[in-house]
């Protein structure tokens, strides 16, 4: 509760002698029963390896409007995406990013120029940077590779390279036996913490040029 909310409650009590708020024509108040139901469903989904823990899933389970579920999770239970997968913070996050941070650029007349990611450039990134780094660490044979279902990720040269180094049994991707699960907070921690944090940092103010953009990201 903020200082402003506390002041409103004090003012309300001074005017009416009660904290009771009459029901008007506005939105219906969220009942304590609804909060308990959402909390129970959230705890059950969080502890289960077979269920996806998100507002839409809880909404379907409880037959409750998804906006109501989101309000309960964020405003009452204080369950934010930022708090999921805290294990990526600090040194652990830097270790993951040491293999993942890469800018697609080409050298132009006046210096580096950002370029569009296509299948050829993506395959080059995997072959010359990611796989080489994994080989240096000696963990290619124990790595499970996962990627989203973008068209660049399933170009023929990319699929051939992935099959060569990881095999079908260690690839999670579209066009492979194990498809990418977009709503899993366990397998997609970046979607539930990192990207939101980066957007707040990167777009916190005006960006003058590409160099400043890269500096904020790194």
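In our numbering, the protein residues as written are 14 to 231.
All C-beta atoms in this analysis are idealised placements derived from N, C-alpha and C, irrespective of residue type, glycine included.
Closer than 6 Å by C-beta to residue i: which residues in its own chain qualify, once you throw out the five before and the five after it? Chain order, please.
i, result
"residue 101", "Note that residue 101 has pLDDT 36, beneath the 50 cutoff, so the model's placement of it is unreliable and the number below is only indicative. Around residue 101: 202."
"residue 62", "Only weak support is given to the placement of residue 62: the predicted model assigns it a pLDDT of 44, under 50, and the question is left unresolved by the model."
"residue 166", "160"
"residue 48", "85 and 89"
So what does DSSP say about residue i, is it helix, strand or coil?
i, result
"residue 124", "strand"
"residue 205", "helix"
"residue 159", "strand"
"residue 216", "coil"
"residue 96", "Residue placement at residue 96 is flagged as unreliable, the pLDDT there being 38, under the threshold of 50; the coordinate-derived value follows with that caveat. Reduced to three states, the DSSP call for residue 96 is helix."
"residue 179", "coil"
"residue 231", "coil"
"residue 20", "helix"
"residue 54", "helix"
"residue 170", "helix"
"residue 151", "coil"
"residue 84", "helix"
"residue 138", "helix"
"residue 68", "helix"
"residue 146", "helix"
"residue 164", "helix"
For the putative contact between residue i and residue j, defined by C-beta atoms under 8 Å, what is the C-beta separation to the nearest angstrom?
i, j, result
"residue 67", "residue 196", "6 Å"
"residue 138", "residue 115", "6 Å"
"residue 90", "residue 52", "6 Å"
"residue 170", "residue 129", "Actually they do not touch by this definition, with Cβ atoms about 17 Å apart."
With DSSP as the reference, identify every bridge partner of residue i, one or two as the case may be.
i, result
"residue 119", "126"
"residue 46", "Per DSSP, none; premise fails for residue 46."
"residue 191", "185"
Can residue i be considered in contact with the ligand ADP, in the sense that its beta carbon sits closer than 6 Å to one or more heavy atoms?
i, result
"residue 158", "Summarising the ligand content, the structure contains no ligands, and the ligand ADP is consequently not present."
Enumerate in chain order the residues of its own chain whose CB-to-CB distance from residue i is below 7 Å, with the five nearest sequence positions on each side excluded.
i, result
"residue 126", "118 and 119"
"residue 194", "200"
"residue 247", "In this structure the chain extends from 14 to 231, so residue 247 is not present and cannot be described."
"residue 190", "181"
"residue 227", "116"
"residue 27", "none"
Short of 8 Å in beta carbon distance, which residues of its chain neighbour residue i, apart from the five on each side in sequence? Order them along the chain.
i, result
"residue 104", "Confidence is the limiting factor: at residue 104 the pLDDT is only 40, short of 50, which leaves the residue's position unreliable and the question unanswerable from this model."
"residue 135", "165, 166, 168 and 171"
"residue 140", "174"
"residue 43", "81, 84, 85 and 89"
"residue 144", "153, 174 and 178"
"residue 156", "147, 179 and 183"
Problem - Sufficient close CB pairs (3 or more, under 8 Å) joining the stretch 208-215 to the stretch 178-185 - result: no
Problem - the stretch 171-180 in contact with the stretch 193-201 per 3-pair CB rule at 8 Å - result: no
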